[in-house]
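Read through the structure below, which is laid out as structure tokens, and then see the notes.
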Amino acid sequence: MKVYYDREDKEYSIEAKNVRDMLKELKLLKNAVIVVVNDELVSEGYAFEKSDKVKILSVVSGG
Amino acid sequence: MCHACDKKPVYKLISGESLCKSCFLDYFEKKVRKTLRVYKLVDKEDSIAVAVSGGKDSLTVLDLLHSIYKENKKIKIQGLLIDEGIDGYRDQCLESTKKFCEERNISLTVVSYEEAFGFKLDNVVEGRKPCSVCGVLRRNLLNSHARKLGVKKLATGHNLDDEAQTILMNQFRRNVEASARLGPITASEAHEGFVPRIKPLYFLSEKEIMTYAFLKGIVREFNECPYNKESYRNQIREMLNQFEELYPGTKHSIVSSFLEILPALKVKEKKEGTVIQKCLQCGEPCSQEICQTCVVLNEIKSSQHSL
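Top line first, the protein sequences correspond to chains A and B. 13 is the number that this note's numbering gives to position 33 of the first sequence; each next residue is one higher, with no gaps. Position in the second sequence counted from 1, then plus 2, gives you this note's numbering.
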């Protein structure tokens, strides 16, 4: 599955089947990002479906 | 499932309980209202400029203060944006902030480094620490223009993460004096020229604010200052986030324990702290004969002349 990470403006291919495992796989911290699937916010227990469009949004302040 | 109503969860609290969209929005807004009430951030008759950058924190503060007080004729809320001159970043934020304010009928004042100091930040960062230069000049413009606008207070988007980071940075740099000026409200007993600052998001984390801003459609696009990654603060942020992951509640603990000692720090500061006077060069309040803004500007001017 492909996921987009906005802070790096980059797409990653991942093996993980849910949000929690995806963050571990990409070495991202839970408190530093939120995850949006098909334009809806999901919690860390969410299990992906094949057609999902996944985005990881950084919570870092603009500056 | 949401612990309160059994709907689909969108956020997990430090306590381990999950909240759905409507319960999360309710939780967030109650927390802001509680901070406003407990720390008396807004008076019955008040005028407040919100320092907006176009990011999630400041737009959330502006949106919330505007919606809480829009029916109250005795409380005025407006926006104040400092355009530092950072190409590809501030210009984008400026446009989205203008649109945001127009949609809500909020007055917005924009002040640029170029008109105030005669240069863009981008043109003076070479060989200097951008965040140090920017921090000093930005604080100066926010304070002086809040005064020019005649507002009684300046609201900022500072959040739990910012405060925990600053507390640690001051500890690491042995700067107790600076810590005495932290807290949800920074009153200006030291000098009448300082406009008091209020932080309505003081007890909310960056992740909670981003969640709120996303759910309310306040921000949808990522926008980070290109100089942010170079900063000392960013290193502290990453370290704190690592700790928070291992020990949830770390940031809350740092800020809560700090608030317990803050009254003692303020007493010490009042007794032993530096006397605030007017800068001999520009007249702004400061703790030295020449304020930091003039020191930075003098250095920039002298390096431009020597070219």
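Where is the CB? At the ideal position from N, CA and C, for every residue including glycine.
query, result
"Rounded separation between B:Asp48 and B:Leu123 - CA only", "33 Å"
"Start-to-end residues for the beta strand (DSSP E) that takes in B:Ile70", "B:Ile70 -> not in any beta strand (DSSP E); alpha helix (DSSP H) instead, spanning 58 to 71."
"Residues near A:Val17 by beta carbon distance below 6 Å, same chain, minus five either side", "Asp32, Val34"
"B:Tyr204 burial status per 10 Å Cβ neighbour count (16 or more: buried)", "buried"
"Whether B:Leu299 touches B:Phe30 by CB criterion (8 Å)", "no"
"Beta-ladder partner(s) of A:Asn(-2), from DSSP", "A:Ala27"
"Same chain, Cβ closer than 6 Å to B:Ser259, neighbours up to 5 away in sequence not counted", "none"
"B:Ser114 at chain A interface by Cβ criterion, 8 Å", "no"
"Contacts of B:Pro202 in chain A (Cβ-Cβ under 7 Å)", "Here the premise fails: no neighbours, minimum Cβ distance about 15 Å."
"Chain-ordered chain B contacts of A:Val22 [CB-CB under 8 Å]", "Val12"
"DSSP three-state assignment for B:Ala215, whether helix, strand or coil", "helix"
"Simplified DSSP assignment, three categories, for A:Glu20", "strand"
"Contact belief for B:Tyr91 with B:Pro228 at Cβ below 8 Å, rounded distance in angstroms", "6 Å"
"Unbroken stretches of the beta strand (DSSP E), 3 residues or longer, contained in the stretch 153 to 234 of chain B", "155 to 157"
"Where the alpha helix (DSSP H) through B:Cys136 begins and ends", "132 to 151"
"Contact under 8 Å by Cβ, B:Leu144 with B:Leu82", "yes"
"Euclidean distance between Cα positions of B:Leu170 and B:Ile238", "8 Å"
"Closer than 8 Å to chain A by CB, B:Glu2", "Residue 2 of chain B lies beyond the stretch modelled for chain B, which goes from 3 to 309, so this question has no answer here."
"CA nearest to the CA of B:Pro250, picked from B:Ala53, B:Ile16, B:Glu240", "B:Ile16"
"Spatial distance of B:Gly285 from B:Arg175 (CA atoms)", "28 Å"
"Reference B:Lys33, options B:Arg141, B:Pro186, B:Ile220, B:Lys72, closest by Cα", "B:Pro186"
"Per DSSP, cross-strand counterpart(s) of B:Pro11", "B:Cys22"
"Every unbroken beta strand (DSSP E) inside the stretch 105 to 134 of chain B [3 residues or more]", "110 to 114"
"C-alpha gap between A:Leu9 and B:Gly219, whole angstroms", "24 Å"
"Beta-carbon contacts of A:Val22 that lie in its chain and below 8 Å, excluding the five residues immediately before and after", "Val(-1), Val15, Val16"
"Residue nearest to B:Gln167 in terms of C-alpha spacing, selected from B:Ser233, B:Lys270, B:Cys22, B:Gly152", "B:Ser233"
"Extent of the continuous alpha helix (DSSP H) run through B:Ser304", "294 to 307"
"Supposed contact pair B:Ser24 and B:Met3 - C-beta distance, whole angstroms, cut 8 Å", "Not confirmed; about 13 Å, so no contact."
"Sub-8 Å separation of B:Ile263 and B:Ala157 beta-carbons", "no"
"Residues, ordered as in the chain, of the stretch 120 to 150 of chain B that lie near chain A by beta-carbon distance below 7 Å", "none"
"Residue environment, B:Gln331, which counts as buried when at least 16 other CB atoms sit within 10 Å", "Residue numbering for chain B in the displayed model covers 3 to 309; residue 331 of chain B lies beyond these limits and cannot be assessed."
"Buried/exposed call for B:Ala189, threshold 16 Cβ in 10 Å", "exposed"
"B:Cys7, buried or exposed, once every other Cβ within 10 Å from all chains shown has been counted against 16", "exposed"
"Range of the contiguous beta strand (DSSP E) that encloses B:Ser55", "Careful: B:Ser55 lies outside any beta strand (DSSP E) and carries neither H nor E."
"Interface flag, A:Ile14 vs chain B, CB-CB below 8 Å", "yes"
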